[in-house]
Amino acid sequence: MASFTKRGKTWQYVVSAKPKPLRKGGFKTKKEAQVAAAEVEAELRKGVVPNLKPQPFDEYFENWLKLYKGDIGLNTMERYKNTLETVKDKLGGIPIQNINKQSYQAFLNEYGLSHAKDTTRKLNTHIRACVKDSIDEGLIRVDFTRGAVITGKPGKKAQDKYLEYAESKQLLKLTTERLDRTPTYYLLLLALTSGMRFAEMVGLTRKDFNFFNNTISITKTWGYTNKMHEGFGPTKNEQSIRVIKMDPKTMKKFSKLFDTTPDNIHRLVFYSPHSKYKVITNNVVNKVLKGMLDELKIDTITVHGLRHTHASVLLYEGATPYYVSERLGHGDIETTMNTYSHVLKELRQRDEEMTTNVFEKMYV
Numbered sequence: 001m002a003s004f005t006k007r008g009k010t011w012q013y014v015v016s017a018k019p020k021p022l023r024k025g026g027f028k029t030k031k032e033a034q035v036a037a038a039e040v041e042a043e044l045r046k047g048v049v050p051n052l053k054p055q056p057f058d059e060y061f062e063n064w065l066k067l068y069k070g071d072i073g074l075n076t077m078e079r080y081k082n083t084l085e086t087v088k089d090k091l092g093g094i095p096i097q098n099i100n101k102q103s104y105q106a107f108l109n110e111y112g113l114s115h116a117k118d119t120t121r122k123l124n125t126h127i128r129a130c131v132k133d134s135i136d137e138g139l140i141r142v143d144f145t146r147g148a149v150i151t152g153k154p155g156k157k158a159q160d161k162y163l164e165y166a167e168s169k170q171l172l173k174l175t176t177e178r179l180d181r182t183p184t185y186y187l188l189l190l191a192l193t194s195g196m197r198f199a200e201m202v203g204l205t206r207k208d209f210n211f212f213n214n215t216i217s218i219t220k221t222w223g224y225t226n227k228m229h230e231g232f233g234p235t236k237n238e239q240s241i242r243v244i245k246m247d248p249k250t251m252k253k254f255s256k257l258f259d260t261t262p263d264n265i266h267r268l269v270f271y272s273p274h275s276k277y278k279v280i281t282n283n284v285v286n287k288v289l290k291g292m293l294d295e296l297k298i299d300t301i302t303v304h305g306l307r308h309t310h311a312s313v314l315l316y317e318g319a320t321p322y323y324v325s326e327r328l329g330h331g332d333i334e335t336t337m338n339t340y341s342h343v344l345k346e347l348r349q350r351d352e353e354m355t356t357n358v359f360e361k362m363y364v
């Protein structure tokens, strides 16, 4: 039940609610107060407690980040902090209740004018996760990020970030021929055959390798830049903690490596005593990779491109996006679908031909 009181020249309503009544004043007429109170009562019947005090979105996002993302890796946290700075700069002071689909789309469009499309997509992903929790808390009713159009400047073409299957075979052959030179070649071999992130690979210890089952356990990372944690740290997300199946030939080569090289205090597979960070650095690996690709007359990609190569090869060979998502440790299937949309579009034509052939054969 609601009650109404005239306070000076304006009206106020009081709606019964727990843990305390909801009050709001400033209405010019009693009718306006009655309409507003009816809306509040309707929300209460749905189980939604209206937050009558406007909450700036930047403040909510910052509190949400501290509450829900406290245990993510430093690299990932830096990206979330960048999103927070953007929210403060562009949406600072605006109550989350006042943001609608149109104003949010205008925000994304403006951001996309000076940023790559992939960067805009990551920004939207961060904000969408926060908005979904705000809906669960009853702060807002409508997900203003749903259906948002991602805009931005064209980044590097997806097909330039990975090797074709034939190129992968060439690189794999040359890499295995040079395994006796330095452990860097073992890291490149693992990047191509496992699809792991760089921080995950340099965080591997000998006990993570199960040579009986041909599996590798990924449970941690290692800080390899001054922007990361020192030593061992958490994986990028909860889904990144995983056990992946490996091919026997790759595992046999690592078994030989462990048998023929000394161990170290942390049991790190890619230990480097001369490195500031005690592991092989990303720059060193990329230089070696570039040298081999130049030798093979293949366009240069980074070691992270080998992760894309691994995923693309699996998709082309018939692996489901769900399996690839789990193997790569993606936070959700949507990340996989967006990252490899170029591959999936090509596979669609193959699937269409397969579909027509299947039912054509049924007539025989």
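Oh and the sequence shown: position 193 is 193 in the UniProt record's numbering, straight run, nothing missing. Ideal Cβ placement from N, Cα and C applies to all residues, glycine included.
Of the residues the options, the one placed nearest residue i, counting alpha carbons only
| i | options | result |
| --- | --- | --- |
| Pro154 | Arg307, Tyr186 and Lys117 | Lys117 |
| Lys46 | Pro56, Lys66, Asp136 and Asp58 | Asp136 |
| Val269 | Tyr340, Met201 and Ile94 | Met201 |
| Met196 | Leu328, Lys20, Ala17 and Arg7 | Leu328 |
| Asn283 | Arg206, Leu187 and Lys6 | Leu187 |
| Lys66 | Leu84, Pro56, Pro54 and Gln55 | Leu84 |
| Gln170 | Thr86, Leu289, Glu62 and Arg121 | Leu289 |
| His342 | Val142, Leu315 and Leu113 | Leu315 |
C-beta atoms of residue i and residue j nearer than 8 Å
| i | j | result |
| --- | --- | --- |
| residue 365 | Glu32 | Lying outside 1 to 364, the shown extent of the chain, residue 365 is not represented and no answer is given. |
| Gly73 | Thr335 | no |
| Leu190 | Ile301 | no |
| Tyr68 | Ile96 | no |
| Ile280 | Arg242 | no |
| Leu174 | Leu257 | no |
| Ser194 | Ile244 | yes |
| Leu44 | Ala17 | yes |
| Thr205 | Arg267 | yes |
| Thr309 | Leu192 | yes |
| Ser134 | Ile140 | yes |
| Asn100 | Phe144 | yes |
| Val15 | Ala37 | yes |
Supposed close pair residue i, residue j - CB separation, criterion 8 Å
| i | j | result |
| --- | --- | --- |
| Asp58 | Leu108 | Incorrect: roughly 16 Å between the Cβ atoms, too far for contact. |
| Glu167 | Ile298 | 5 Å |
| Leu22 | Val35 | 15 Å between Cβ atoms; not a contact. |
| Asn124 | Ala106 | Asn124 to Ala106, Cβ: 13 Å. No contact. |
| Thr5 | Phe27 | Contact flag wrong, Cβ pair sits at about 11 Å. |
| Asn214 | Pro183 | That pair is no contact at about 20 Å. |
Residue-level contact to chain C via CB, residue i, 8 Å cutoff
| i | result |
| --- | --- |
| Tyr322 | Among the protein chains of the structure shown there is no chain C, as only one such chain exists. |
Residue i: CB within 7 Å of a non-hydrogen atom of the ligand ATP
| i | result |
| --- | --- |
| Lys287 | Questions concerning the ligand ATP fall outside what the structure shown contains, since it holds no ligand whatsoever. |
Item to complete: Decide if the stretch 340-349 is in contact with the stretch 256-265; the criterion is three or more beta carbon pairs, one per stretch, under 8 Å apart.
Response: Short answer: they don't touch.
Worksheet item: For the stretch 206-218 against the stretch 272-287, are there 3 or more C-beta pairs whose distance is under 8 Å?
Response: Between the stretch 206-218 and the stretch 272-287, the count of Cβ pairs shorter than 8 Å is below three; the stretches do not touch.
Practice prompt. Please specify which runs of the beta strand (DSSP E), each continuous and at least 3 residues long, are wholly inside the stretch 123-148, giving them in chain order.
Written response: none
Practice prompt. Scan the UniProt domain "Core-binding (CB)" (55-135) and note each continuous beta strand (DSSP E) run of 3 residues or more that stays entirely inside, going in chain order.
Written response: none
Worksheet item: What residue ranges within the stretch 222-309 form continuous beta strand (DSSP E) runs of no fewer than 3 residues, ordered along the chain?
Response: 242-245
Discussion item. So within the stretch 162-186, which uninterrupted alpha helix (DSSP H) runs reach at least 4 residues, ignoring any that extend past its ends?
Written reply: Taking only runs of at least 4 residues, the alpha helix (DSSP H) segments lying wholly in the stretch 162-186 are 165-177.
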